Structures are given as C-alpha cells and as structure tokens.
Amino acid sequence: SQNAASVITDPQDQAAIQEAVDQLTAGEAVGIPTETVYGLAANALDPKAVAKIFAAKNRPQDNPLIVHVSSITMLQRILPNHTIPSIYTPIIQKHWPGPLTIIVPTNTTLIPTSITCGQPTVAIRFPSHPVARALIAQCDFPLAAPSANASGKPSTTLASHVYDDLKGRIPLILDGGACDVGVESTVLDGLRQPPAILRPGGVTYESLQVLPGLEGLQVYRKHFVDQQLEQAPTTPGMKYRHYSPEALVVLIENASKESTFEHQWQLELEKRNEKSIRRVGLLLTSSSSTSNGTNNGTSNGTNSSISNKLEEGFTTPQGVTCIPVVMGRTDHPEEVARGVFKGLRYLDTQNVDLIFVQGIPETEEGMAVMNRLRKAASKVIEL
Ligand code: TXA
Ligand code: MG
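Going by the UniProt record's numbering, the first residue of the sequence shown is number 33, and it counts up by one from there.
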C-alpha cells in the first residue's frame with residue numbers, strides 16, 4: 033500500500049527478487065536497480081499500477097514513461113504486428129541490452145495511455161543490469177520505470193538515494209549497489225527523418241552516428257535548453273525543471289583547467305557577496321590520474337590543490353566553508369557521468385547554499401553530463 037514502509041533488500045538473494053516480483057504482480061511500484069540509474073518500476077500493462085508511479089514520484093501526468101523488457105520476444109509481443117521497425121535492427125544488435133531507449137509505434141490495445149501520454153509512440157528499453165533483467169523475466173510482463181527520484185530532483189544512483197526520496201511511498205526497494213553508468217539511457221527516435229537523439233545518455237552520440245541508418249543523426253547539444261525543443265510534443269518530459277538539488281547550482285562551462293574553475297567560482301562568490309552564503313559545494317573534476325571517479329563525497333583526495341582538502345573542506349578568507357567533491361577525472365567523461373548525480377545529492381546532505389559545478393567538454397558521455405547539469409543549473413557561466 034502507499035503508506036507501507038520501504039524495505040531495502042539484498043537482490044543477490046532470490047527471495048528478495050521473488051518479493052519484488054510478488055509486489056509488482058500485485059500492482060505495486062518497486063524501486064529497482066538498472067545500469068543507468070535506479071528505476072521506479074510497475075507493470076507497464078496495468079494502468080492502476082502505472083498510476084502508482086506517477087503518484088509516488090509526484091510526476092507530471094504529461095511526461096511519458098519508458099517500458100522495460102527483458103528480451104526481444106517480450107518486445108515483439110507488445111508491438112503492433114509484433115514488428116520492430118527495421119531502422120533499429122543494427123542499433124539493437126550493437127547496444128541492447130544496455131543504456132539505450134528506442135521510440136516505436138505504440139499498441140493502444142496493450143499499452144495504457146498514461147504511459148505514452150496519448151502519443152502514437154512508446155519508448156522501449158532493454159536494460160543490461162542482471163537484477164533488472166531477472167526481475168522482468170520472472171514477472172513475464174514489461175515494467176514501466178522512470179528514474180526513481182522525487183520529480184524534479186537529481187536521479188538516484190544508489191538504493192539509499194531512492195529511500196531518501198520515496199520512503200513511505202513504495203513498499204520495496206531492491207538494492208543492486210551503485211549504478212555503473214550513472215546517467216539515464218539515451219533516447220533515440222529512429223522514426224524521424226533524420227533520426228534524432230531526444231535525450232543524450234549512456235550510449236554516446238559518437239557510437240550511434242556511425243551505425244547504418246543513422247547517417248545525419250541529429251543531436252541537440254546546447255539547444256537542449258531551447259524553448260522550442262523543450263516544448264516539442266515528442267519530448268514533453270523535457271520542459272520541466274529537472275535534476276535540481278535544494279541548493280542553487282551555478283554551472284561554469286569551459287573551465288576544464290582547475291585554475292580557471294577556481295578563479296571563476298571565487299569571482300562569482302565575490303559578486304554575490306551575500307551574507308546568506310555560508311557554505312558552498314564545489315562539484316569538480318580531477319586532472320589527477322589517481323582519482324578513480326568513485327570517491328565523491330566520501331574519500332581520498334587527489335593531487336590538485338582544491339581536492340587535497342576533499343575530506344574536511346576549507347574556509348575562504350571571507351569565512352565561507354567550501355566542500356569540494358570530485359565527480360571523476362576530467363578526461364574520463366564516463367567517470368564524471370557515474371559521479372554527477374551522486375555528487376549533487378551528496379552536497380544536498382551537506383546543507384550548502386550554493387553549488388559551483390565545473391563543466392566538461394561535450395563529447396562522449398560528457399554530452400549527457402552537460403545536458404543534465406544545464407537543466408540542474410539556475411545560472412550558466414560561459415567563458
Ligand atoms: O535510464 C533510463 O532511461 C531510466 C532507467 C530507470 O531505465 N529511466 C528514465 O526514465 O530515465 P524517465 O521517465 O526519467 O525519462 C524518460 C524520458 C523522458 O525524457 C520522456 O519524455 C522520454 O523518455 N519519453 C518517454 N516516452 C517517450 C515518447 N513516446 N516519445 C518521446 N520521448 C519519450
Ligand atoms: Mg527522470
């Protein structure tokens with residue numbers, strides 16, 4: 033029921049998976065691990081179950097959901113004429129199971145309108161996470177699953193994040209450890225001409241645009257914050273405020289050099305000169321080869337002058353406490369992707385008034401990272 037206490041269970045345990053299967057079969061919404069971010073899953077073919085997802089997240093009703101399958105056969109079962117559009121054949125071969133979502137024509141007799149929000153298409157993903165796959169296979173029905181965060185908050189990459197946002201609203205969370213990718217799946221619309229990436233994610237633009245059928249693949253880099261695209265009817269989810277921690281986020285672009293970032297956030301802090309700013313988070317990348325990209329919020333420093341003070345933070349001459357958190361190495365965008373949401377969420381637990389974020393180049397996983405950061409930011413400084 034809606035008010036049941038949430039339980040975090042060890043998913044290696046078959047009994048835990050069975051408990052999740054039972055809850056899902058009974059029409060409940062359950063927190064589940066995937067390789068991208070945690071999902072809030074429910075039976076995609078049951079409108080009442082799907083409604084529980086929207087209620088638990090407080091998600092706007094016009095933001096469509098992704099349907100997750102555990103096999104190509106399961107996908108064919110729910111499609112009109114059991115047919116996957118041929119444009120997707122080489123793409124599926126290369127990237128499924130994995131962090132890629134495709135847009136296909138929906139089947140209005142099987143897929144509830146609440147999933148598609150009345151659109152003629154439905155978004156489908158075949159996740160690679162072993163727990164997600166086992167769960168869907170054992171349910172033997174597809175699972176609708178948005179990211180398992182309270183609507184508007186940063187996505188969740190740990191079971192404890194899901195608990196923080198959704199405790200008391202769902203009966204169960206399966207703990208599958210830290211998500212490997214750290215940002216959501218790439219949403220690819222191959223039905224358009226030319227095909228387009230609607231949301232950059234775990235599968236990179238670079239790896240898609242070389243595939244047959246994806247010549248001329250469109251991707252909206254900076255234009256992701258353009259009004260026109262934000263409100264395009266095919267991507268209704270993108271018009272909402274997203275990924276935002278409690279603290280205001282200031283994104284500093286083109287500041288890969290640590291000294292540039294340091295100079296810029298100090299300038300911005302001086303400019304604000306508000307007595308109310310007592311604690312500041314610094315979400316940065318490390319140029320050091322010693323960082324492993326998983327140390328955000330918890331552990332050891334790096335060679336850099338800022339990150340040496342990672343554990344205890346430091347105080348500026350004006351008396352502002354600064355808490356640096358390393359997302360990953362600058363030249364390893366996959367590490368930054370893995371650490372970005374975790375870093376934003378960690379800083380929220382530190383009660384900072386402001387978060388300065390060091391942008392990274394918009395290549396490979398950096399494209400997804402910058403897309404999320406621009407949406408999280410209330411101010412973007414372009415150098
Ligand atoms: O990695 C992921 O994709 C995660 C995990 C849990 O699988 N899920 C996820 O779901 O990110 P969500 O609901 O947070 O994001 C779904 C995105 C939204 O931007 C939504 O607008 C878009 O997919 N979407 C869903 N159905 C669509 C459709 N028919 N056409 C275009 N965009 C669609
Ligand atoms: Mg989401």
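From the three backbone atoms N, C-alpha and C, an ideal C-beta is built for every residue, glycine too.
Computed from a predicted model, the values in this text were never measured in an experiment.
Give the C-beta separation of residue i and residue j to the nearest angstrom, bearing in mind that I take them to be a contact with Cβ-Cβ under 8 Å.
{"i": "VAL389", "j": "ALA369", "result": "VAL389 to ALA369, Cβ: 14 Å. No contact."}
{"i": "CYS171", "j": "TYR70", "result": "The pair is not a contact, with the Cβ atoms about 17 Å apart (cut-off 8 Å)."}
{"i": "ILE387", "j": "LEU315", "result": "6 Å"}
{"i": "ALA279", "j": "PRO174", "result": "About 37 Å separates the two Cβ atoms, so there is no contact after all."}
{"i": "GLY222", "j": "PRO112", "result": "About 16 Å; that fails the 8 Å criterion."}
{"i": "PRO65", "j": "VAL163", "result": "5 Å"}
{"i": "VAL352", "j": "ARG406", "result": "Actually they do not touch by this definition, with Cβ atoms about 25 Å apart."}
{"i": "VAL99", "j": "ALA176", "result": "6 Å"}
{"i": "ILE202", "j": "GLY59", "result": "Their Cβ separation, rounded to whole angstroms, is 12 Å, which puts ILE202 and GLY59 out of contact at 8 Å."}
{"i": "GLU238", "j": "GLU396", "result": "6 Å"}
{"i": "VAL412", "j": "LEU283", "result": "5 Å"}
{"i": "THR236", "j": "MET359", "result": "Their Cβ separation, rounded to whole angstroms, is 17 Å, which puts THR236 and MET359 out of contact at 8 Å."}
{"i": "GLY391", "j": "GLU285", "result": "4 Å"}
{"i": "ARG147", "j": "VAL82", "result": "The sequence as given places Ile at residue 147; Arg does not occur at that position. Yes, ILE147 and VAL82 are in contact; Cβ-Cβ is about 6 Å, under 8 Å."}
{"i": "LEU249", "j": "PRO227", "result": "5 Å"}
{"i": "GLY200", "j": "ILE119", "result": "Between ILE119 and GLY200 the Cβ distance is about 43 Å, and since that is not below 8 Å, they are no contact."}
{"i": "SER376", "j": "PRO277", "result": "The residue you asked about is not Ser; residue 376 is Leu in the sequence shown. With a Cβ gap of about 5 Å, LEU376 and PRO277 count as contacting."}
{"i": "ILE134", "j": "LEU220", "result": "6 Å"}
{"i": "PRO131", "j": "VAL213", "result": "5 Å"}
{"i": "PRO178", "j": "LYS84", "result": "Their Cβ separation, rounded to whole angstroms, is 12 Å, which puts PRO178 and LYS84 out of contact at 8 Å."}
{"i": "ALA180", "j": "LEU72", "result": "4 Å"}
{"i": "HIS274", "j": "ALA155", "result": "Going by Cβ atoms, the distance from HIS274 to ALA155 rounds to 17 Å, so no, they are not a contact pair."}
{"i": "LEU198", "j": "THR41", "result": "Not quite, the Cβ-Cβ distance comes to about 15 Å (not below 8 Å), so this is no contact."}
{"i": "PRO122", "j": "PRO137", "result": "Rounded, the Cβ-Cβ distance is 19 Å, inconsistent with contact."}
{"i": "GLU67", "j": "HIS161", "result": "4 Å"}
Name, in chain order, the residues that DSSP records as bridge partners for residue i.
{"i": "GLN390", "result": "ILE284"}
{"i": "CYS354", "result": "VAL312 and PHE346"}
{"i": "HIS100", "result": "ARG157 and LEU175"}
{"i": "LYS411", "result": "VAL282"}
{"i": "SER183", "result": "SER183 pairs with nothing; no bridge assigned."}
{"i": "LEU249", "result": "Paired residue(s): none; LEU249 is not in a bridge."}
{"i": "ARG404", "result": "DSSP lists no partner for ARG404."}
{"i": "LEU206", "result": "THR41"}
{"i": "ILE116", "result": "None, per the DSSP bridge assignment."}
{"i": "ALA228", "result": "ASP221 and GLN250"}
{"i": "GLY360", "result": "THR317"}
Work out the CA separation of residue j and residue i for me, nearest whole Å.
{"i": "THR218", "j": "ARG157", "result": "10 Å"}
{"i": "SER183", "j": "GLN93", "result": "11 Å"}
{"i": "GLN108", "j": "ASP363", "result": "40 Å"}
{"i": "SER410", "j": "PRO186", "result": "14 Å"}
{"i": "LYS126", "j": "VAL251", "result": "19 Å"}
{"i": "TRP297", "j": "GLU367", "result": "23 Å"}
{"i": "THR347", "j": "PHE86", "result": "42 Å"}
{"i": "PRO356", "j": "GLY150", "result": "44 Å"}
{"i": "GLY208", "j": "THR292", "result": "38 Å"}
{"i": "MET106", "j": "PRO79", "result": "19 Å"}
{"i": "ILE104", "j": "TRP128", "result": "9 Å"}
{"i": "ASN139", "j": "VAL53", "result": "24 Å"}
{"i": "ASP196", "j": "THR188", "result": "9 Å"}
{"i": "ARG404", "j": "LEU243", "result": "25 Å"}
{"i": "GLN44", "j": "SER319", "result": "36 Å"}
{"i": "GLU306", "j": "GLN350", "result": "11 Å"}
{"i": "SER337", "j": "GLU290", "result": "Note that SER337 scores 46 on pLDDT, short of 50, meaning its location in the model is unreliable; the coordinates nonetheless yield the value given after this. Answer to the nearest angstrom: the Cα atoms are 9 Å apart."}
{"i": "ALA169", "j": "GLU247", "result": "34 Å"}
{"i": "ILE143", "j": "ILE110", "result": "8 Å"}
{"i": "LEU373", "j": "LEU167", "result": "It is Phe, not Leu, that sits at residue 373 in the sequence shown. If you take the alpha carbons of PHE373 and LEU167, they lie about 25 Å apart."}
{"i": "THR381", "j": "THR141", "result": "45 Å"}
{"i": "ILE49", "j": "GLN55", "result": "10 Å"}
{"i": "SER308", "j": "LEU415", "result": "26 Å"}
{"i": "VAL312", "j": "ARG361", "result": "21 Å"}
{"i": "GLY345", "j": "THR145", "result": "49 Å"}
{"i": "SER321", "j": "VAL194", "result": "For SER321, the predicted structure reports a pLDDT of 47, less than 50, and the residue's modelled location is therefore unreliable. The matter cannot be settled from this model."}
{"i": "GLY234", "j": "ILE124", "result": "14 Å"}
{"i": "ALA61", "j": "ALA74", "result": "5 Å"}
{"i": "ALA287", "j": "THR115", "result": "47 Å"}
{"i": "GLN241", "j": "PRO365", "result": "19 Å"}
{"i": "GLY371", "j": "VAL281", "result": "16 Å"}
{"i": "PHE256", "j": "ALA47", "result": "Its pLDDT being 44, under 50, PHE256 is placed unreliably by the model, and nothing is read from it."}
Please check if any C-beta of chain C sits within less than 8 Å of the C-beta of residue i.
{"i": "GLN170", "result": "The structure shown contains no chain C, having only a single protein chain."}
Whole beta strand (DSSP E) elements within the stretch 34-96, 3-residue minimum: DSSP runs (the beta strand (DSSP E)) wholly in the stretch 34-96: 62-64 and 71-75.
Going residue by residue through the stretch 118-164, where are the continuous beta strand (DSSP E) segments of at least 3 residues, counting only ones entirely within it? DSSP runs (the beta strand (DSSP E)) wholly in the stretch 118-164: 132-137 and 153-157.
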